[in-house]
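So for the sequence shown, my numbering puts the first residue at 30; every next one is plus one.
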Amino acid sequence: MSEHLISSKEMAQFVASGYLRFDDVVPEDLCEGCLEEIREKHFGYLNVGAPFEETWPTGTALGDTFRLPKMQGIIESLVGPDPLYDHHAAHLVPAGVMRGPDMHQDSVIDFRPNYFDIQISFFPADTPDEMGGTFLVPGTHHRNVRTGDIHIYQHMKGKIWASCPAGTVYVWNTRVWHGSRSNHTDKDRYMYKLRLNPTVPQVRLFDTSDLDDPQIPSILNANHGWEGNDHRYELMERVKQWRYVSDQPGYDQGEKFMRRIEYAPGEKEEVAAG
Ligand SMILES: O=C(O)CCC(=O)C(=O)O
Ligand SMILES: [Fe+2]
Numbered sequence: 030m031s032e033h034l035i036s037s038k039e040m041a042q043f044v045a046s047g048y049l050r051f052d053d054v055v056p057e058d059l060c061e062g063c064l065e066e067i068r069e070k071h072f073g074y075l076n077v078g079a080p081f082e083e084t085w086p087t088g089t090a091l092g093d094t095f096r097l098p099k100m101q102g103i104i105e106s107l108v109g110p111d112p113l114y115d116h117h118a119a120h121l122v123p124a125g126v127m128r129g130p131d132m133h134q135d136s137v138i139d140f141r142p143n144y145f146d147i148q149i150s151f152f153p154a155d156t157p158d159e160m161g162g163t164f165l166v167p168g169t170h171h172r173n174v175r176t177g178d179i180h181i182y183q184h185m186k187g188k189i190w191a192s193c194p195a196g197t198v199y200v201w202n203t204r205v206w207h208g209s210r211s212n213h214t215d216k217d218r219y220m221y222k223l224r225l226n227p228t229v230p231q232v233r234l235f236d237t238s239d240l241d242d243p244q245i246p247s248i249l250n251a252n253h254g255w256e257g258n259d260h261r262y263e264l265m266e267r268v269k270q271w272r273y274v275s276d277q278p279g280y281d282q283g284e285k286f287m288r289r290i291e292y293a294p295g296e297k298e299e300v301a302a303g
C-alpha cells in the first residue's frame with residue numbers, strides 16, 4: 030500500500046489548496062461500468078457512520094472503483110486505513126441545463142479543529158469545459174461558512190474548473206467552496222461523489238519520507254488569487270493544519286508568523302521556543 034500513499038508535498042498542497050487531482054486513476058472499462066450502474070441502478074443512502082468496507086457494495090463497478098489500490102492509497106493518506114462511510118451521490122447536470130450562482134460549502138455546522146472529512150469526486154466520462162465539471166475555489170476550506178451563505182460569490186478570483194478526461198479523481202476537504210456548472214452539451218454530465226470520515230487522528234497518515242522537502246514552505250504559501258491582503262492570515266491557518274497533520278507542533282514559516290500570536294512572556298514560553 031505504501032507506494033500508493035500521497036507524498037508530504039502532496040499533503041502540503043492539500044493543506045494549502047484543499048484538493049488534489051489525480052489523472053488516470055480509474056481504467057476505461059471500469060468507468061463504463063460505473064456509468065451504467067449510475068444510470069440504471071439507484072444506490073440509496075448506506076449506513077451513515079458504519080465502516081466503509083462493510084457498507085460499500087462489492088462485485089460492482091463502483092465497488093471495485095473505490096477499492097482500486099491508488100484510490101485506497103489516497104483515502105488512507107487522508108483519513109486512515111479504516112474510514113467510515115458518510116454520504117455518496119451521483120451528481121447529474123442533464124444535457125443543456127444551465128446553472129446560475131451555486132457556490133456553497135457542503136458542511137453546515139462542522140467547524141471542528143484538527144479534523145476534516147474528505148470527498149472523492151470521480152468523473153466516469155470525459156468532462157470537457159463546455160460540459161461543466163464541478164468548480165472549486167482552492168484554499169477556501171479554512172473559511173467556514175454555512176452552506177449557501179456564499180451563493181452570491183459566483184465569479185471568485187482563483188476558481189478552478191474540474192474539466193477532465195474519464196477516470197480522473199479529485200479528492201477534497203469537505204469544506205472547500207464549490208458548485209456545479211452549466212452543461213452546454215447534448216450529453217448528461219455525471220460526477221460521482223463519496224464522503225468519508227476518519228477513525229484515527231489525521232496525523233502522519235501520508236508518506237513522510239519527503240517531510241523535510243525544501244519546497245514545502247512555498248507549497249503552503251500558495252496564493253490562489255482571492256486571498257488579497259489576508260494571504261498572511263490564510264498562511265497561518267494552513268500552518269496550524271500542517272503542524273497537526275505532520276506532527277510538528279513548533280513548525281512556523283515566513284517571519285515566524287505564528288510567533289506573533291503565540292509569543293506571550295511568562296505564559297507560553299515552551300511554544301515560543303519550539
Ligand atoms: O454537480 C457538481 O459538480 C457539484 C455538486 C455538489 O455540489 C457536490 O458534489 O457537493
Ligand atoms: Fe456540494
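We treat Cβ as the ideally placed atom computed from N, Cα and C, and that holds for glycine.
Predicted, not measured: the structure shown is a model, and the values here were computed from it.
- In the DSSP secondary-structure assignment, K222 is bridged to A118 and S150.
- If you draw a 10 Å sphere on the C-beta of I245, you find 16 or more other C-beta atoms in it, and that means buried.
- Looking at the DSSP output, V44 shares a beta bridge with no other residue.
- Sequence-distant Cβ neighbours of K269 in its own chain, meaning closer than 7 Å and more than five residues away, do not exist here.
- According to the DSSP assignment, H260 belongs to the alpha helix (DSSP H) that extends over H260 to S275.
- With fewer than 16 neighbouring CB atoms inside 10 Å of its own CB, R288 falls in the exposed class.
- V108: not part of any beta strand (DSSP E); member of the alpha helix (DSSP H) spanning P98 to V108, first to last residue.
- Annotated three-state conformation of L34 is coil, per DSSP.
- With contacts defined as CB atoms closer than 8 Å, W201 and Y48 qualify as a contacting pair.
- Taking 7 Å as the cut-off, the C-beta of D241 does not count as close to any heavy atom of ligand 1.
- Relative to the non-hydrogen atoms of ligand 1, the Cβ of D115 never comes closer than 7 Å to any of them.
- Remark: the shortest separation between the CB of K188 and any heavy atom of ligand 1 does not fall under 7 Å.
- The segment 217–228 makes contact with the segment 142–161, as at least three CB pairs between them are under 8 Å.
- Set against 7 Å, the gap from the CB of D155 to the closest heavy atom of ligand 1 is not smaller.
- Membership of T156 in any alpha helix (DSSP H) is not indicated, and neither H nor E is assigned to it by DSSP.
- Looking only at E61, F145 and A45, the smallest Cα-Cα distance to T228 is reached by F145.
- Here V108 is near N226, since their CB atoms are less than 8 Å apart.
- In the three-state reduction of the DSSP assignment, P130 falls in the coil class, being assigned neither a helical nor a strand state.
- Looking only at M265, T176 and D241, the smallest Cα-Cα distance to S275 is reached by D241.
- Going by beta carbons, M132 and Q101 fall outside the 8 Å limit.
- The segment 172–189 makes no contact with the segment 75–90, as fewer than three CB pairs between them are under 8 Å.
- For the pair G125 and D52, the CB atoms are not nearer than the 8 Å cut-off.
- If you look at L165, you'll find it in the beta strand (DSSP E) that goes F164 to V166.
- Taking a 10 Å sphere around the C-beta of V44, we find 16 or more other C-beta atoms and assign the residue as buried.
- Taking the Cβ atoms as the reference, I103 lies roughly 11 Å from P112, outside the contact range of under 8 Å.
- Sequence-distant partners of H253 (beyond 5 residues in either direction) whose C-beta falls short of 6 Å from its own C-beta, in its chain, are P167, G168 and G187.
- Around the C-beta of I67, 16 or more other C-beta atoms lie within 10 Å, and the residue is accordingly described as buried.
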